[in-house]
Amino acid sequence: MKHTKKVAGLAGIASVLWVGLTAAVAASQKRLLFNPLGSKREVLRPYSSGHRTRPVVIRAKDGTRLSGWLMTPPVHGPHPAVIYFGGRSEEVSWVARDAGKLFPGMAVLAVNYRGYGDSHGDPAETHFVDDGRMLYDWLAERHHVDPKRIAVVGRSLGSGVAVQVAMERDAHAIVLITPYDSILAIAKRKFKAIPVEYVLRHRFESVKYAHHLKAPTYVLRAEQDDVVPHSHTDLLVEKLGQLHADEIVPDSDHLNIPYLASTQQRIAGFLAQRFDLPQAEAGTIAAANAGASAPASPNP
Numbered sequence: 000m001k002h003t004k005k006v007a008g009l010a011g012i013a014s015v016l017w018v019g020l021t022a023a024v025a026a027s028q029k030r031l032l033f034n035p036l037g038s039k040r041e042v043l044r045p046y047s048s049g050h051r052t053r054p055v056v057i058r059a060k061d062g063t064r065l066s067g068w069l070m071t072p073p074v075h076g077p078h079p080a081v082i083y084f085g086g087r088s089e090e091v092s093w094v095a096r097d098a099g100k101l102f103p104g105m106a107v108l109a110v111n112y113r114g115y116g117d118s119h120g121d122p123a124e125t126h127f128v129d130d131g132r133m134l135y136d137w138l139a140e141r142h143h144v145d146p147k148r149i150a151v152v153g154r155s156l157g158s159g160v161a162v163q164v165a166m167e168r169d170a171h172a173i174v175l176i177t178p179y180d181s182i183l184a185i186a187k188r189k190f191k192a193i194p195v196e197y198v199l200r201h202r203f204e205s206v207k208y209a210h211h212l213k214a215p216t217y218v219l220r221a222e223q224d225d226v227v228p229h230s231h232t233d234l235l236v237e238k239l240g241q242l243h244a245d246e247i248v249p250d251s252d253h254l255n256i257p258y259l260a261s262t263q264q265r266i267a268g269f270l271a272q273r274f275d276l277p278q279a280e281a282g283t284i285a286a287a288n289a290g291a292s293a294p295a296s297p298n299p
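Take a look at the structure:
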């Protein structure tokens with residue numbers, strides 16, 4: 000009898016701990032997933048050597064102020080264009096610094112998510128995707144942009160935003176850097192003892208939308224990735240509607256991959272080919288690719 004009571008008591012304690020842990024994960028999921036508090040401006044005075052660079056403040060549909068940078072080539076357009084979606088904790092001013100190597104001959108829009116950098120509001124999957132569609136439409140309306148040649152580029156968490164935006168807009172090309180099948184799947188892998196499917200509100204289930212993508216999609220993986228295991232990228236790649244290539248960048252990890260010269264060369268080359276840039280701009284790309292790579296950033 001005493002043994003039975005002891006077992007029952009231990010089971011009760013375990014149950015309380017399990018419920019408490021589940022509640023803690025549910026309550027802190029926004030910080031665990033987005034963590035925008037550390038996203039101070041990475042580059043104090045963002046400027047692209049290959050573009051005219053200007054800061055922009057764009058109002059979301061609900062009036063929230065979103066801050067970022069618009070970069071345009073110094074010659075008259077209309078130009079092909081790129082919209083960039085960053086990763087967890089990532090402040091995107093570095094894109095303005097590196098745009099000359101990453102996106103030569105292209106207009107570029109890089110805007111911080113809600114709660115990141117100088118952008119107002121609270122981060123959430125629905126906000127990120129709604130704002131992403133709005134930003135795509137805003138970019139397409141610029142007089143120097145060819146609305147039929149816009150690419151979406153998403154890194155890590157932002158790959159989930161890019162997939163959903165590209166699904167509902169006529170993207171000309173898609174680049175996914177260290178993408179995943181779903182945040183839900185990664186969370187279930189990390190928190191095996193917790194029913195995260197019942198508490199996770201921001202699921203970013205790219206694998207559900209991948210087959211809808213019509214544009215050529217270029218996937219870049221980190222050689223060493225302890226955040227998005229390759230098995231989670233495999234599941235996404237299997238579902239992509241039009242895979243252009245799936246490559247591993249040598250000597251890369253989840254944090255440094257977008258800043259490496261080899262990564263930037265691959266992205267610039269793919270987009271230049273997809274956009275069918277004139278020979279003069281192709282020469283600019285080659286010259287840019289020969290430049291030194293930017294230092295790695297600590298942001299995931």
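Last residue of the sequence shown: number 299 in numbering that gives the first Met the number 0, and the count goes up by one each step with no gaps. Where a beta carbon is used, it is the ideal one built from N, C-alpha and C, also for glycine.
When we look at the beta-carbon of P228 and count the other beta-carbons within 10 Å, is it buried (16 or more) or exposed? The count along the sequence shown starts at 1 and reaches residue 228 at position 229. So P228 counts as exposed.
Taking just the CA atoms, how far does T71 sit from V55? Here residue 55 refers to the residue found at position 56 of the sequence shown. Here residue 71 refers to the residue found at position 72 of the sequence shown. Spanning the two alpha carbons is a distance of roughly 12 Å.
Hey, would you say H217 sits closer than 8 Å to V162, going by beta carbons? For this step, residue 217 is matched to residue 218 along the sequence shown. For this step, residue 162 is matched to residue 163 along the sequence shown. A small correction: the amino acid at residue 217 is Tyr; His does not occupy that position in the sequence shown. Result no, Cβ atoms of Y217 and V162 do not sit closer than 8 Å.
Report the residue from R44, L254, L183 and K189 whose alpha carbon sits nearest the alpha carbon of W68. Here residue 68 is taken as the residue at index 69 of the sequence shown, counted from 1. The shortest Cα separation from W68 among R44, L254, L183 and K189 belongs to R44.
Under a three-way DSSP split, which group does G67 fall into? Translated into the one-based positions of the sequence shown, residue 67 becomes position 68. Here G67 sits in strand by DSSP.
Only counting runs of 3 or more residues, tell me where the beta strand (DSSP E) segments fall wholly within the stretch 92 to 171, in order along the chain. 106 to 110 and 144 to 154
Local Cβ density within 10 Å of R96, reported as buried at 16 or more and exposed below that: Here residue 96 refers to the residue found at position 97 of the sequence shown. When all chains shown are included, R96 counts as buried.
Please confirm whether V110 and L65 have their CB atoms less than 8 Å apart. The residue given as residue 110 occupies position 111 in the sequence shown. The residue given as residue 65 occupies position 66 in the sequence shown. The answer is yes: Cβ separation under 8 Å.
Option nearest L101 by Cα separation, candidates S47, A123 and H142: As a position in the sequence shown, residue 101 is number 102, starting the count at 1. Closest by alpha carbon: S47.
Going by DSSP in three states, H201 sits in which element: helix, strand or coil? On the sequence shown, position 202 is the one that residue 201 refers to. It is coil, neither helix nor strand.
Under 8 Å between the Cβ atoms of M105 and L270? For the purposes of this step, residue 105 is identified with residue 106 of the sequence shown, where counting begins at 1. For the purposes of this step, residue 270 is identified with residue 271 of the sequence shown, where counting begins at 1. Yes. Within cutoff.
Let me know the secondary structure DSSP gives A209 once reduced to three states. Residue 209 sits at position 210 when you count from the first residue of the sequence shown. The answer is helix: DSSP assigns A209 an H, G or I state.
Quick check: what's the CA-CA separation for D252 versus F127? What you label residue 252 is simply residue 253 of the sequence shown in a count that begins at 1. What you label residue 127 is simply residue 128 of the sequence shown in a count that begins at 1. Near 25 Å, if we compare the C-alpha coordinates of F127 and D252.
Hey, would you say V151 sits closer than 8 Å to A80, going by beta carbons? In the sequence shown, residue 151 corresponds to position 152, counting from 1. In the sequence shown, residue 80 corresponds to position 81, counting from 1. It is not a contact, given that the beta carbons lie outside the stated cut-off.
Cβ shell of G159 (< 6 Å), same chain only, five flanking positions each side left out: Here residue 159 refers to the residue found at position 160 of the sequence shown. Correct list, in chain order: F203 and S205.
On the three-state DSSP scale, how would you describe S261? Locating residue 261 in the sequence shown gives position 262, where the first residue counts as 1. Helix at S261.
Distance, G76 Cα to R148 Cα: Start at 1 with the first residue of the sequence shown, and residue 148 comes out as number 149. Start at 1 with the first residue of the sequence shown, and residue 76 comes out as number 77. Between R148 and G76, the C-alpha separation is close to 12 Å.
Kindly list the residues whose CB is nearer than 7 Å to the CB of D250, restricted to its own chain and excluding five residues on each side of it in sequence; keep chain order. Residue 250 sits at position 251 when you count from the first residue of the sequence shown. Only E222 meet the Cβ criterion.
Along the alpha helix (DSSP H) that carries G185, what are the first and last residues, could you check? By one-based count along the sequence shown, residue 185 stands at place 186. Residue 185 is actually Ile in this sequence, not Gly. Taken as a continuous stretch (DSSP letters only), the alpha helix (DSSP H) holding I185 covers I182 to K189.
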